[in-house]
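*Asks:*
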Amino acid sequence: RGQPGTHDEALARRFFDDVCQSAGGSSEGIKWPAFDKSLFSGEGGRVPVAEWDIVPRSPPLEVLIFEGWCLGFQPLSAEQVEEKWNKAKAASSNSTSSDGEAQLSTTTLAGHSLEHLLLINKNLERYCEAFMGPWRFDAFLHLSTDQLVNVYHWRLDQERALREKKGAGMTDAQVIRFVQGYMPAYELYLDRLTQESFFTEEKKAHVRVILDSNRTVLRVERA
Numbered sequence: 001r002g003q004p005g006t007h008d009e010a011l012a013r014r015f016f017d018d019v020c021q022s023a024g025g026s027s028e029g030i031k032w033p034a035f036d037k038s039l040f041s042g043e044g045g046r047v048p049v050a051e052w053d054i055v056p057r058s059p060p061l062e063v064l065i066f067e068g069w070c071l072g073f074q075p076l077s078a079e080q081v082e083e084k085w086n087k088a089k090a091a092s093s094n095s096t097s098s099d100g101e102a103q104l105s106t107t108t109l110a111g112h113s114l115e116h117l118l119l120i121n122k123n124l125e126r127y128c129e130a131f132m133g134p135w136r137f138d139a140f141l142h143l144s145t146d147q148l149v150n151v152y153h154w155r156l157d158q159e160r161a162l163r164e165k166k167g168a169g170m171t172d173a174q175v176i177r178f179v180q181g182y183m184p185a186y187e188l189y190l191d192r193l194t195q196e197s198f199f200t201e202e203k204k205a206h207v208r209v210i211l212d213s214n215r216t217v218l219r220v221e222r223a
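UniProt numbering applies: residue 1 is where the sequence shown begins, and numbers increase by one.
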């Protein structure tokens with residue numbers, strides 16, 4: 001639950017292999033991994049394997065929706081990462097975010113070492129090769145926003161609702177720190193995802209749904 005490199009890659013590969021194999025290949029159902037965001041005071045954690053749902057193989061699945069915050073991000077060359085980092089360092093004298101909210105910064109690259117950014121990039125490359133590159137999907141739906149700062153607001157809304165429902169969740173200050181940990185990947189990879197199709201194959205559809213701060217759909221576009 002964080003930047004590429006913090007996830008259980010072996011589980012992801014096993015899950016997709018299990019789902020994609022023939023329905024006749026095994027009589028056992030598919031164990032469906034589960035995550036509970038309210039665990040560990042809102043930091044979240046994986047539900048014990050014994051509590052995972054078992055999904056039957058028959059009838060076979062027709063559609064699998066795989067959702068994740070960094071899906072669609074694709075690795076850059078080391079030179080491209082360094083170029084973005086150098087530009088961020090040069091602009092770091094401006095402490096406000098590009099969306100105008102200083103506390104909820106969307107310009108964080110300058111605060112990280114190039115070594116760490118290159119590590120994230122290498123991890124993302126491995127993810128895309130193993131289980132979440134364009135080859136894995138038949139279609140891609142990108143829920144985007146007109147202002148990146150909305151990522152903070154939406155997460156704050158979510159955690160407040162979680163605290164009210166389950167009595168556990170992150171404080172507002174913890175949420176802001178939490179989201180800041182994700183921001184470098186948005187700064188490195190989001191522009192490509194918003195400007196280009198995720199796919200090179202024309203038969204595969206990439207659709208963007210642009211939302212405002214209230215999650216109202218502003219427009220829908222085909223990449």
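No residue lacks a Cβ here, since even glycine has one placed at the ideal position from N, Cα and C.
1) Taking only runs of the alpha helix (DSSP H) that begin and end inside the stretch 51-120, which ones reach a length of at least 4 residues, in chain order?
2) State the start and end residues of the unbroken alpha helix (DSSP H) segment that holds T194.
3) Could you tell me which residues DSSP puts in a beta bridge with residue 243?
4) Considering only the alpha carbon of each residue, which of Q21, A34 and M132 lies closest to G45?
5) Is it buried or exposed for G2, if we count other Cβ within 10 angstroms and need 16 for buried?
6) Buried or exposed: W69, going by 16 or more other Cβ atoms within 10 Å of its Cβ?
7) Could you give the first and the last residue of the continuous alpha helix (DSSP H) run that contains A12?
8) Once you ignore the five residues that flank L218 on each side, which residues in its own chain have a CB closer than 8 Å to its CB?
9) Since residue 293 is in the alpha helix (DSSP H), which residue starts that stretch and which ends it?
10) Taking the CB atoms as reference points, tell me whether L188 and F40 lie closer together than 9 Å.
*Replies:* If we stick to the structure as given:
1) 78-90
2) M183 to Q195
3) The first residue shown for the chain is 1 and the last is 223, placing residue 243 beyond what the model contains.
4) A34
5) exposed
6) exposed
7) E9 to C20
8) D146, I210, L211 and D212
9) Beyond the ends of the chain as shown, which are 1 and 223, falls residue 293; an answer cannot be given.
10) no
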